[in-house]
Amino acid sequence: MKATTRREFLGGMAAFGALGASGCAGLVSGSGSARLPERGEVLIRNAYVMTMDSSVGDLPDADVHVRQGAIVAVGRNIQAGGAQVIEGRRMIVLPGFVETHWHMWNTLLRSMSGDKREHGYFPTAAALGKIYLPEDMYQGTRLSAAEALNGGITFVHDWCHNVRGPEFADANLRALKETGIRGRFSYGAPQAHPAGETIDLADLERKQVDWRSYSNEGLLSLGLAWRGAFNDPKSMVPNDAARREFAAARKLALPISIHVSNARARAGQIAALAKENLLARDVQCIHAIWVTPEEIRALASAGTPVSFSPYTELRIGFGFPQTGEFLAAGVTVGLSVDTTALSGNADMFAIMKAIQNIENSRSENEFKLPARRVLELATIEGARSMGVDDRVGSLKAGKRADLIMVNTRELNLAVFSEPAHMLVEAAQPSNVDTVMVDGRILKRRGRLTAIDVEQTVSEASSALAGVRKRAGWW
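Numbering-wise, our numbering comes out as the position in the sequence shown, counting from 1, plus 115.
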């Protein structure tokens, strides 16, 4: 029997995606980008509430009162006449997950990284990324946001390293805005961008000056996806271009994010940044796998947060994140999807389980990284790493109402036990019953309320078919 080639397989799958999306399990029917639900007044009652606020802890059989996007009260026997009541019995209520680094545009390339060097993630993303049109950026980002919300992720860090013109950034931002998710959009250069040239700093400034029109009432913020590590001239921009980009972000008061020391050959990048006095609380370091104890201490001293992506770091062979060492030093740690081209999906439950299992295995200690500590990384500490812990990441009166409800009636969660362990070790996106972002209910009874999943899948599949055709991948 003749073996199917990669090109033949991809062509067949594109046709299936374009024509067969109706056979996929849709979560809601209606228009692809329905109007976002209104913020109202909601009382969730009789739930097991995990506040992720260390001063309060967990509250069994408790209520959460939300009004006009804000948390009014968390406690027992709350009275809220006129509020929409959501019964929370056998539900775990907790803050929505905070995702800290995701190349959302390349979700169209899900699991397309092959088993040969020429089919790996970087050549695949580079070859197809340059073929993208703004509409493809929109479709990939909308698909990502839908998957995020479906799995309880209420904040995303869209690390967009395929901005080939202002309209490409606009397309991503439109998708984020339409889906109602909270997040940061980090403006970055495509992989093939000339090494000696900066990104479009004029457009970055225009975006910041006109940010109110993009921010979706404050749900979205702007940052710089920086290329500028200093000791790897083979793959990083030269010092002068890097410095101009960094200086521009500082002038605009934008947070900065950078991939560092993700491979053995890139060891020493954090030391180089520290030497240049470029580490700070608003400079996020991604991956940081190949680091020394001295570099970890430098990050802690500067207050610089890190983001770990355990599935992609394992899948691509970067190595093992030193989670225990970073936490012991006091470094703020967030968790991330990175890219579904490698991770396959955007399952924060699986990401939490992976980071725990890696750390316990590295330390040969079953108890090294407790489940509740892992849950903090996905909620309040992730929010702290992104500079939004004053608004989200815990359930507390005065904070914005970003929360999720997990249904423990499901088979994989049956027989309710210790909730943190259940969430980290047993839960999955299908258990997420309700998702609220800024007081808007974006998922209810297991179905997205403002996104037509069937149409989203169909249009994303058609977009990828167009990308493949233009690239000659048939």
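Glycine included, C-beta positions come from ideal geometry on N, C-alpha and C. Remember, predicted model here, so these are calculated numbers, not experimental data.
- Just so you know, the alpha carbons of arginine 279 and alanine 304 end up roughly 7 Å apart.
- Straight-line measurement puts the Cα of valine 406 at about 35 Å from the Cα of alanine 261.
- Around the beta carbon of serine 169, a 10 Å sphere encloses fewer than 16 other beta carbons of the protein chains shown; the residue is thus reported as exposed.
- Per DSSP, the continuous alpha helix (DSSP H) segment holding phenylalanine 464 begins and ends at 463-478.
- For isoleucine 373, the enclosing beta strand (DSSP E) stretches over residues 371-375.
- Annotated three-state conformation of tryptophan 220 is helix, per DSSP.
- Look at the stretch 295-354 and you find these whole runs of alpha helix (DSSP H), each 4 residues long or longer: 316-324.
- Within the stretch 152-228, the complete beta strand (DSSP E) runs of at least 3 residues fall at 156-165, 173-182, 185-190, 199-202 and 206-210.
- Annotated as proximal: glutamine 399 and proline 370, with beta-carbon spacing under 9 Å.
- With fewer than 16 other Cβ atoms from the protein chains shown falling within 10 Å of its own Cβ, proline 175 counts as exposed.
- When C-alpha distances from glutamate 525 are compared across Ala542, Asn377 and Tyr247, the shortest belongs to Ala542.
- If you compare the alpha carbons of Val552, Thr564 and Leu563 with that of glutamine 183, the shortest gap goes to Val552.
- Contact check for valine 507 against glycine 211 passes: the beta carbons are separated by less than 9 Å.
- Counting only runs that start and end inside the stretch 527-578, the beta strand (DSSP E) elements of at least 3 residues fall at 547-552 and 555-559.
- The Cβ neighbour count for arginine 499, taken over all protein chains shown within 10 Å, is at least 16; the residue is labelled buried.
- With respect to the 9 Å criterion, alanine 565 and threonine 166 are not classified as neighbours on the basis of their beta carbons.
- Burial is judged here by how many other beta carbons sit within 10 angstroms of a residue's own beta carbon; histidine 234 has fewer than 16 and is exposed.
- Taking a cut-off of 8 Å for Cβ pairs, the stretch 443-456 and the stretch 416-431 touch, as three or more such pairs fall below it.
- For glutamine 399, the enclosing beta strand (DSSP E) starts and ends at 398-402.
- Counting only the Cα atoms, alanine 357 lies some 30 Å from arginine 225.
- Annotation for arginine 359: Thr313 and Leu316 place their beta carbon closer than 8 Å to its own, counting only its chain and skipping 5 residues before and after.
- For isoleucine 268, the enclosing beta strand (DSSP E) has its first and last residue at 268-275.
- A Cβ-Cβ contact shorter than 9 Å links arginine 297 with aspartate 517.
- At a Cβ-Cβ threshold of 9 Å, histidine 272 and glutamine 306 do not count as neighbours.
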